[in-house]
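Participant:
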Amino acid sequence: MPEGSVLEMEYKHHVEANYCYAGEGDVTEVSTGRRHELKPGSIYVLDKHDRHILRAIKGDLRLVCVFNPPLSGDETHQDDGSFPPPEPKGGFA
Numbered sequence: 001m002p003e004g005s006v007l008e009m010e011y012k013h014h015v016e017a018n019y020c021y022a023g024e025g026d027v028t029e030v031s032t033g034r035r036h037e038l039k040p041g042s043i044y045v046l047d048k049h050d051r052h053i054l055r056a057i058k059g060d061l062r063l064v065c066v067f068n069p070p071l072s073g074d075e076t077h078q079d080d081g082s083f084p085p086p087e088p089k090g091g092f093a
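Here the sequence shown stands for residues 1 to 93, numbered as in full-length UniProt numbering.
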């Protein structure tokens, strides 16, 4: 995420875990206004489908993001900042 970028997001259908490995920034919980600093080694989890604002403050912010249910890679953010619900997949018979 380039330095100076600001993204407001909410993953209504996914739990998200993030690990920061480069850059500095912060993530703000929209519902409470609580701000959490991010720097290399920081981990944060959004487990309540939290609306949040992510900012890259110093250098390009680099995160490893893991979603559950997993993403397929072709999702695009909807107008509200969320991903659509995952498509049902066939399971074991």
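Beta carbons are placed, not taken as given, at the ideal position from N, Cα and C, and that holds for glycine. Please read these numbers as outputs of a predicted model, since none were measured by experiment.
Hey, how far is the Cα of Ile-57 from the Cα of Lys-48?
Facilitator: If you take the alpha carbons of Ile-57 and Lys-48, they lie about 25 Å apart.
Participant: Around the Cβ of His-13, are there at least 16 other Cβ atoms within 10 angstroms (buried) or fewer (exposed)?
Facilitator: With fewer than 16 other Cβ atoms within 10 Å, it is exposed.
Participant: Identify the residues that DSSP records as bridge partners of Ile-53: which are they?
Facilitator: Glu-8, Thr-28, per the DSSP bridge assignment.
Participant: Is Lys-48 a contact residue of the ligand SAM, with contact defined as CB to any heavy atom under 7 Å?
Facilitator: As for the ligand SAM, it is missing from this structure, which has no ligand bound.
Participant: Is Lys-58 helix, strand or coil by DSSP?
Facilitator: It is a strand residue.
Participant: Taking only three categories from DSSP, how would you classify Phe-67?
Facilitator: Of the three classes helix, strand and coil, the one that applies to Phe-67 here is strand, per DSSP.
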